Amino acid sequence: MVFSSLVFMFAFLPVVLLIYYLLPVKFRNAFLLIADLIFYGWGEPVLVFLMLFSILINYIAGILIEKSNSNNKKRKFILIASVVIDLGLLGFFKYAGFITNNLKVVLPFLNIPLISIPLPIGISFYTFQIMSYTIDVYRRDTEAQRNIIAFGTYVSLFPQLIAGPIVRYRDVDDQLVERHENLQLFSRGIRLFLLGLAKKVLIANPVGLIWDNMRQMQGGGALVSWVGIIAYTFQIYFDFSGYSDMARGLGNMFGFEFLKNFDYPYISKSITEFWRRWHISLSTWFKEYVYIPLGGNRKGLPRQIFNLFVVWGLTGLWHGASWNFLFWGLYFGVILVFEKLFMLKALNKMPAVIKHLYSLVFIVFGWVIFYYSDDVGGVKAMFTFISTLFTGSFISSDGITAVLSSLPMLIIAAAASTPIIRKIYNKLSDLKGFKYVEAVVALLVLILCTASLVNDNYNPFLYFKF
17 MVFSSLVFMF AFLPVVLLIY YLLPVKFRNA FLLIADLIFY GWGEPVLVFL MLFSILINYI
77 AGILIEKSNS NNKKRKFILI ASVVIDLGLL GFFKYAGFIT NNLKVVLPFL NIPLISIPLP
137 IGISFYTFQI MSYTIDVYRR DTEAQRNIIA FGTYVSLFPQ LIAGPIVRYR DVDDQLVERH
197 ENLQLFSRGI RLFLLGLAKK VLIANPVGLI WDNMRQMQGG GALVSWVGII AYTFQIYFDF
257 SGYSDMARGL GNMFGFEFLK NFDYPYISKS ITEFWRRWHI SLSTWFKEYV YIPLGGNRKG
317 LPRQIFNLFV VWGLTGLWHG ASWNFLFWGL YFGVILVFEK LFMLKALNKM PAVIKHLYSL
377 VFIVFGWVIF YYSDDVGGVK AMFTFISTLF TGSFISSDGI TAVLSSLPML IIAAAASTPI
437 IRKIYNKLSD LKGFKYVEAV VALLVLILCT ASLVNDNYNP FLYFKF
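Counting from 1, position 7 in the sequence shown corresponds to residue 23 in this note's numbering; the numbering is continuous, with no gaps.
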């Protein structure tokens, strides 16, 4: 079940909200946990048991770590054991096939069988969340949660369960015990949810169709390929940031406040800035739980460069089990190291438009690698597509028609990827009667999104598989 589905919007969510607010406060976490598990098990109920196992193991680990405060060796052993179990489950389900496929190539004489295991939805997200809890308890940054219902609710909370943002336990621990649901927070949640829904349904889906059409067009010319990959650049942003906004909005409806996950990344003037604005919760997780423990920038430049490559290699592999995903992560790692050593001071002296174009070019090529990392043609298809960006005719007659018809949607996407709409909203929000206009616009957005979902079968969710 995804947020941008009619079943979720008009059946699951209204029923869950109604029961939640009818229940006394002391029963709300228990009900949320039940709703979370129903949501997660909607497509494959057996996966619920995997999640419950992870919840139980890490709940016990947190308590044991805290009880062993006077015995550092025991505390470290418990932490390592819990992390090994968490990463073992993630590795088995996400990387077993990748590892066996490569071993079969390297060691063909061993007759290693190929393994194909369905990937549990959202396992990368909730595994990182659950590890942040045990690590923070070990560091004494938070207290162990003694209430297993509250802890289970944290791990399985459906608004951010399958696609983030990755919520650290210490950011919501007090909200699990005592949160203050109110009309203002609920209204903000509705606005955020509808904003995310509009990003997903009214922008990401249409530009995704443009990418699909441009990619499949034979002999359209280099311009068609450029327009196509720009459309994909917008699709992946509005798809993922839209879902993150919906998650934050849903959290608000239930009294939770999650941190922002995207901050207009396409206005960045360097790749360093881009990764401060893109998927903020993942970047923060790797910084706090991998980069800094490895030594960060405290042990000299060579060690810092090594740490950066470790982080970006893992970032690539987190997204998927393929060499191309690893290459995608290291691609950005190389750029970030190069910026740190040579470029940032030079960039500061350049005009803003040059810095912005520089960033966008590398971002777009990064999405080329990312797209072709996901078993849709591999390395050969990636280089074939890149060649179409620079070779052959500039544009064909069919290509001209396709490009012109896509321009209005791409212009809308470009404007929506900048803060300009937010600035206009902030100025208008002070006007008398604006709240009534806002309510009408919100209703129109809901109607348009619903009509689009009813009439169009094209509704992919790109980060659903991670």
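Even for Gly, the Cβ is constructed at its ideal location relative to N, Cα and C.
No experiment lies behind these values; they were computed from the predicted model shown.
DSSP places Asp52 inside the alpha helix (DSSP H), whose first and last residues are 44-56. Taking 8 Å as the cut-off, the beta carbon of Ala160 is found closer than this to the beta carbon of Glu82. The closest CA to that of Tyr75, considering only Ala27, Val32, Glu304, Asn163, is found on Asn163. Apart from the 5 residues on each side of it in sequence, Asn313 sits with its Cβ closer than 6 Å to the Cβ of Gln320 in its chain, given in chain order. When rounded, the separation of the alpha-carbon atoms in Lys448 and Ser203 is 18 Å. Of the other Cβ atoms in all chains shown, 16 or more fall within 10 Å of the Cβ of Pro175; this residue is therefore buried. In the three-state reduction of the DSSP assignment, Thr143 falls in the helix class.
Annotation for Lys356: no residue places its beta carbon closer than 6 Å to its own, counting only its chain and skipping 5 residues before and after. Segment contact: the segment 223-231 against the segment 419-431, three or more CB-CB distances shorter than 8 Å; contact assigned. Distance from the Cα of Gly258 is smallest, within the candidate group Lys276, Leu48, Phe270, Ile245, for Lys276. It is roughly 23 Å from the alpha-carbon of Ala220 to the alpha-carbon of Ser140. In the three-state scheme derived from DSSP, where H, G and I count as helix and E and B as strand, Lys439 is classed as helix.
Cβ atoms of Leu130 and Asn118 stay farther apart than 8 Å, at about 11 Å. Taken in chain order, the complete alpha helix (DSSP H) segments of 4 residues or longer contained in the segment 415-479 are 436-444, 450-471. If the five residues before and after Pro222 are omitted, its C-beta is found closer than 7 Å to the C-beta atoms of Met425, all from its own chain and listed in chain order.
For Ile71 against Phe144, the beta-carbon gap comes to about 15 Å, at or over 8 Å, which does not count as contact. Taking the C-beta atoms as reference points, Ser98 is found no nearer than 8 Å to Lys90.
In the DSSP assignment, His372 falls within the alpha helix (DSSP H) that extends over 368-387.
Non-local C-beta neighbours of Ile385 in its own chain, meaning closer than 8 Å and more than five positions away in sequence, comprise Asn340, Phe343, Trp344, Tyr347, Met398, ordered along the chain. Taking 8 Å as the upper bound for CB-CB distance, Phe47 and Tyr56 are not in contact here, some 15 Å apart.
If you draw a 10 Å sphere on the C-beta of Lys451, you find fewer than 16 other C-beta atoms in it, and that means exposed.
Here Arg195 carries a coil assignment [DSSP, helix/strand/coil]. Distance from the Cα of Phe278 is smallest, within the candidate group Leu49, Thr288, Asp261, Leu360, for Asp261.
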